[in-house]
Amino acid sequence: MTQATQTAAAAQDTLLHISETERGERARRAAAGALVLRVVQQSVSGAPDEFTLRRARAEVAGLQKSAEKSILLRALRVMEDGGAPGHLSAALVAYACELETTRRLPEADAAISLGLALDEGSGATALHAARLARKMGDRQRALVLYCAARDLDVGDGQIARLAQVGEAVVSDDGIRMLGRVIRRALRAGDAEAAAVGLEERAALRRAAGDRRGAARDLCLAVARYTDPVDRARAAHALAGAALSLGDAAAAREALLVALGWGDAPQKDHARTRLHTLARDLGDQVGMRRWRSFQRPSLVSLSAYRPAPASRSLAPRLLAWRESMGQRAAG
Numbered sequence: 001m002t003q004a005t006q007t008a009a010a011a012q013d014t015l016l017h018i019s020e021t022e023r024g025e026r027a028r029r030a031a032a033g034a035l036v037l038r039v040v041q042q043s044v045s046g047a048p049d050e051f052t053l054r055r056a057r058a059e060v061a062g063l064q065k066s067a068e069k070s071i072l073l074r075a076l077r078v079m080e081d082g083g084a085p086g087h088l089s090a091a092l093v094a095y096a097c098e099l100e101t102t103r104r105l106p107e108a109d110a111a112i113s114l115g116l117a118l119d120e121g122s123g124a125t126a127l128h129a130a131r132l133a134r135k136m137g138d139r140q141r142a143l144v145l146y147c148a149a150r151d152l153d154v155g156d157g158q159i160a161r162l163a164q165v166g167e168a169v170v171s172d173d174g175i176r177m178l179g180r181v182i183r184r185a186l187r188a189g190d191a192e193a194a195a196v197g198l199e200e201r202a203a204l205r206r207a208a209g210d211r212r213g214a215a216r217d218l219c220l221a222v223a224r225y226t227d228p229v230d231r232a233r234a235a236h237a238l239a240g241a242a243l244s245l246g247d248a249a250a251a252r253e254a255l256l257v258a259l260g261w262g263d264a265p266q267k268d269h270a271r272t273r274l275h276t277l278a279r280d281l282g283d284q285v286g287m288r289r290w291r292s293f294q295r296p297s298l299v300s301l302s303a304y305r306p307a308p309a310s311r312s313l314a315p316r317l318l319a320w321r322e323s324m325g326q327r328a329a330g
């Protein structure tokens, strides 16, 4: 039995177990996913039998309309057309991404492991698998996968730099090692990898009680990110860090960044948080400005009590936000 066949069987068993132990929609989705992975197992062993293929398609067709349903149907079409392992691996990676987005990490880990077994030369897939292993608390496996991703990228591409960020996070001296990785990324002109490193270092610093250091790192990450959604996510995290320091002005600036660059849910959450902050500060004008009569997709619960911050990050954020606005206008 090949490695891909063994991994397919293990992935199928994982989803089948979840379908039998969970209830409701998650159980139904896991059962459909298990059938698709059964077809994958047959495909890597030779060819799927018609009965299993029809049954899998019927199960997937019965799911509620979603990105996950579309991805599974695409995977079935790839197998029906006798697609190459790389095409099937890409569908499984997309499936794992959707599962991760909806916080079904065991299912996502099973799917990405199978995707990697089908395309062992993909550094991007190894990197994704490493991140999932880290999220699930398997530090040793995460380290092995991060090293594999770095080696597959020959040690000098963006994937290698992102893998080095992950290696540093799972190490015993993460903050110091991340400093080195961030500097290497900046020397290489890789703002994205540097921003990821800064965001990860901020999480480690906040866990260690260094809230000001975490806020500084998040401020730099917001400026370094080039993807608007990543920038808005870091801005929301910065707002939380600023509020923990009593820096209401910086929190407001960070939320305005999220409002300016985020996707629809991020912007909606930014408006809600701006309204909550205005309420906590007794800012009647702000409350009227940010009041929404629509039900927010995310709830903003605030235990914030205004307190003066000794040194605010607001001027730095305001200057950066204005400069970015001028560049966009130009």
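Heads up, the sequence shown is in the numbering used here, so the first residue is 1 and it goes up one at a time. The beta carbon of each residue, even a glycine, is placed where N, CA and C say it ideally should be.
Between G234 and G262, is the Cβ-Cβ spacing less than 8 Å?
-> By one-based count along the sequence shown, residue 234 stands at place 234. By one-based count along the sequence shown, residue 262 stands at place 262. Checking the displayed sequence, the identity of residue 234 turns out to be Ala instead of Gly. Contact: no.
From which residue to which residue does the alpha helix (DSSP H) around D109 run?
-> In the sequence shown, residue 109 corresponds to position 109, counting from 1. Start and end: L105 to L118.
Reducing DSSP to helix, strand and coil, say where Y146 ends up.
-> Numbered from its first residue, the sequence shown carries residue 146 at position 146. The answer is helix: DSSP assigns Y146 an H, G or I state.
First through last residue of the alpha helix (DSSP H) which encompasses P265 | For the purposes of this step, residue 265 is taken as the residue at position 265 of the sequence shown. Element bounds for P265: A264 to L281.
Where do the ends of the alpha helix (DSSP H) carrying E59 lie?
-> In the sequence shown, residue 59 corresponds to position 59, counting from 1. DSSP places E59 in the uninterrupted alpha helix (DSSP H) bounded by E50 to A61.
Under the assumption that V36 contacts T5 (Cβ atoms under 8 Å), give the Cβ distance between them as a whole number of angstroms.
-> Position 36 of the sequence shown holds residue 36. Position 5 of the sequence shown holds residue 5. Actually they do not touch by this definition, with Cβ atoms about 15 Å apart.
Between the C-alpha atoms of L318 and E253, what's the straight-line distance to the nearest angstrom?
-> Indexing the sequence shown from 1 puts residue 318 at position 318. Indexing the sequence shown from 1 puts residue 253 at position 253. Spanning the two alpha carbons is a distance of roughly 6 Å.
Sufficient close CB pairs (3 or more, under 8 Å) joining the stretch 62 to 78 to the stretch 86 to 94 = Result yes; three or more Cβ-Cβ pairs closer than 8 Å.
Can you name the start and end residues of the alpha helix (DSSP H) that Y95 belongs to?
-> Numbered from 1 along the sequence shown, position 95 holds the residue referred to as residue 95. DSSP places Y95 inside the alpha helix (DSSP H), whose first and last residues are P85 to T101.
Excluding the five sequence neighbours on either side, which residues of its own chain have a C-beta within less than 6 Å of the C-beta of V40, listed in chain order?
-> Here residue 40 is taken as the residue at index 40 of the sequence shown, counted from 1. Closer than 6 Å at the Cβ level, and outside the excluded window around V40, lie A8.
May I ask you to report which of helix, strand or coil DSSP gives D190?
-> Here residue 190 is taken as the residue at index 190 of the sequence shown, counted from 1. Three-state result, D190: coil.
Can the beta-carbon of W290 be found less than 8 Å from the beta-carbon of H269?
-> On the sequence shown, position 290 is the one that residue 290 refers to. On the sequence shown, position 269 is the one that residue 269 refers to. Contact annotation: W290 and H269 have beta-carbon atoms that are not nearer than 8 Å.
Assumed close pair A239, L220 - CB separation to whole angstroms, cut-off 8 Å | Position 239 of the sequence shown, counted from the start, is the residue given in the question as residue 239. Position 220 of the sequence shown, counted from the start, is the residue given in the question as residue 220. About 15 Å separates the two Cβ atoms, so there is no contact after all.
Write down the C-beta distance between A251 and L243 rounded to the nearest angstrom, noting that I regard them as a contact closer than 8 Å.
-> In the sequence shown, counting from the first residue as 1, residue 251 sits at position 251. In the sequence shown, counting from the first residue as 1, residue 243 sits at position 243. Contact between A251 and L243 holds: CB atoms are separated by about 5 Å, below the 8 Å threshold.
Keeping to the same chain, check which residues put their C-beta closer than 7 Å to that of A111; ignore five residues upstream and five downstream.
-> One-based indexing of the sequence shown puts residue 111 at position 111. Excluding sequence neighbours, A111 sits near A11, L92, Y95, A96 and L99.
Go ahead and pull the three-state DSSP assignment for M136.
-> On the sequence shown, residue 136 is found 136 positions in, with the first residue counted as 1. Coil.
R206 burial status per 10 Å Cβ neighbour count (16 or more: buried) | The residue you call residue 206 lines up with position 206 of the sequence shown. Burial check for R206: the Cβ neighbour count within 10 Å reaches 16 or more, so the residue is buried.
In this structure, does DSSP put L301 in helix, strand or coil?
-> Along the sequence shown, one-based indexing puts residue 301 at 301. Residue placement at L301 cannot be trusted, given a pLDDT of 49 that sits under 50; the coordinates are not used to answer.
Contact check, L313 vs A194, beta carbons under 8 Å = Translated into the one-based positions of the sequence shown, residue 313 becomes position 313. Translated into the one-based positions of the sequence shown, residue 194 becomes position 194. No. Outside cutoff.
Are G157 and L178 close, meaning C-beta to C-beta below 8 Å?
-> On the sequence shown, residue 157 is found 157 positions in, with the first residue counted as 1. On the sequence shown, residue 178 is found 178 positions in, with the first residue counted as 1. Contact flag unset, no.
Can at least three beta-carbon pairs, one atom from the stretch 135 to 150 and one from the stretch 164 to 172, be found at a separation below 8 Å?
-> Under the three-pair Cβ rule at 8 Å, the stretch 135 to 150 counts as touching the stretch 164 to 172.
Simplified DSSP state of E200, which is helix, strand or coil | Numbered from its first residue, the sequence shown carries residue 200 at position 200. E200: helix per DSSP, three-state reduction.
On the three-state DSSP scale, how would you describe L72?
-> Within the sequence shown, the letter at position 72 stands for residue 72. DSSP places L72 in the helix class (H, G or I) of the three-state scheme.
Pick out whichever of A32, I71 and A67 has its Cα sitting closest to the Cα of T52.
-> Along the sequence shown, one-based indexing puts residue 52 at 52. The option with the nearest alpha carbon to T52 is A32.
Counting only the same chain and skipping the five closest in sequence on each side, list residues whose C-beta sits under 8 Å from that of A67.
-> Stepping through the sequence shown from its first residue, residue 67 is reached at position 67. Taken in chain order, the residues that qualify are E98.
Limits of the unbroken alpha helix (DSSP H) element including T7 = On the sequence shown, residue 7 is found 7 positions in, with the first residue counted as 1. DSSP places T7 in the uninterrupted alpha helix (DSSP H) bounded by Q3 to T21.
Cβ neighbour criterion (16 or more within 10 Å) applied to Q396 = This structure does not reach residue 396, given that the chain is present from 1 up to 330, and the question cannot be answered.
Report back the beta-carbon spacing between L73 and A108 to the nearest angstrom; my notes put them in contact at under 8 Å.
-> Stepping through the sequence shown from its first residue, residue 73 is reached at position 73. Stepping through the sequence shown from its first residue, residue 108 is reached at position 108. Rounded, the Cβ-Cβ distance is 18 Å, inconsistent with contact.
Does the distance from the C-beta atom of G115 to that of T101 stay below 8 Å?
-> Start at 1 with the first residue of the sequence shown, and residue 115 comes out as number 115. Start at 1 with the first residue of the sequence shown, and residue 101 comes out as number 101. For G115 and T101, no; Cβs fall outside 8 Å.
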